[in-house]
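The sequence shown begins at 0 in numbering that gives the first Met the number 0 and counts up one residue at a time.
Beta carbons are placed, not taken as given, at the ideal position from N, Cα and C, and that holds for glycine.
Computed from a predicted structure; not experimentally measured.
Report on one structure; see the data block that follows.
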Amino acid sequence: MDFILWIIVISFFVLSFVGLVFPVLPSVLSVWGGFLVYHFFLDSSQLTLVFWVSMVILTALLILADLFTGALAVKRFGGSKIGERAATVAVILGTFVYPPFGILLLPFITVLTIEYWQQDTFSQALRAAVGTLIGFLSGRVAEAMIQLVMIGWFFFSVWL
């Protein structure tokens, strides 16, 4: 039975990385699913309070990285405040629009339209819109690294 439960835990962890490509699958919830299966069905004494508090903090960082990297990149690439806010909203809405393309295209098109509409030149608007793509990809890399830290910490806590 333990073997099957370990397969489930590891499957949750693998699914979390699939969620980086297909945002409809909530990657951080998959990581937590693995933690909870282990805690409630394998060994409830192994994971300490320090582990759980640290995972909550890392989860908050992961969510912030997911939401705001696009907006920060828009700012860095010369976009306006409205463009930054629109990028954040478009990332959230893009999750529900034909994933994974919606989460890439909706922020790009939204920022391009808003920046161009604000009397910017097309090249400036395009630069800010490209910033959303770079921000999205940077966010995914940051999210993957945070997930690796979380999963690595889990295995460290369990096996040592």
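Three-state secondary structure (DSSP) of residue i
i, result
"LEU159", "coil"
"ASP65", "helix"
"PHE121", "helix"
"THR47", "coil"
"GLY78", "coil"
"VAL129", "helix"
"VAL23", "coil"
Extent of the continuous alpha helix (DSSP H) to which residue i belongs
i, result
"PRO106", "100–116"
"ASP42", "Careful: ASP42 lies outside any alpha helix (DSSP H) and carries neither H nor E."
"ASP1", "1–20"
"PHE95", "Looking at the DSSP string, PHE95 is not in any alpha helix (DSSP H), and its letter there is neither H nor E."
"SER26", "26–36"
Proximal residues to residue i (C-beta, below 7 Å), its chain only, five neighbours per side dropped
i, result
"ILE133", "ALA72"
"ILE108", "none"
"MET149", "VAL30, MET54 and LEU57"
"PRO22", "THR94, PRO98, PRO99 and ILE102"
"ARG126", "PHE76 and GLY77"
"THR131", "GLY69, ALA72, VAL73, ALA86, PRO106, PHE107 and VAL110"
"GLN123", "GLY77 and GLU114"
Contact set for residue i: own chain, Cβ-Cβ below 8 Å, skip 5 residues either direction
i, result
"ARG84", "ALA70"
"ALA143", "PHE16 and LEU19"
Neighbourhood of residue i by C-beta, 6 Å cutoff - its chain only, sequence neighbours within 5 removed
i, result
"ALA128", "PHE107, VAL110 and LEU111"
"LEU61", "VAL27, GLU142 and ILE145"
"VAL96", "LEU105"
Cβ of residue i within 8 Å of any chain C Cβ
i, result
"ILE62", "The chain inventory of the structure shown lacks chain C, comprising one protein chain alone."
On the three-pair Cβ rule with 8 Å, is the region 137–144 touching the region 63–72?
-> yes
Using 8 Å as the Cβ pair cut-off and three pairs as the minimum, do the region 40–51 and the region 1–20 touch?
-> yes
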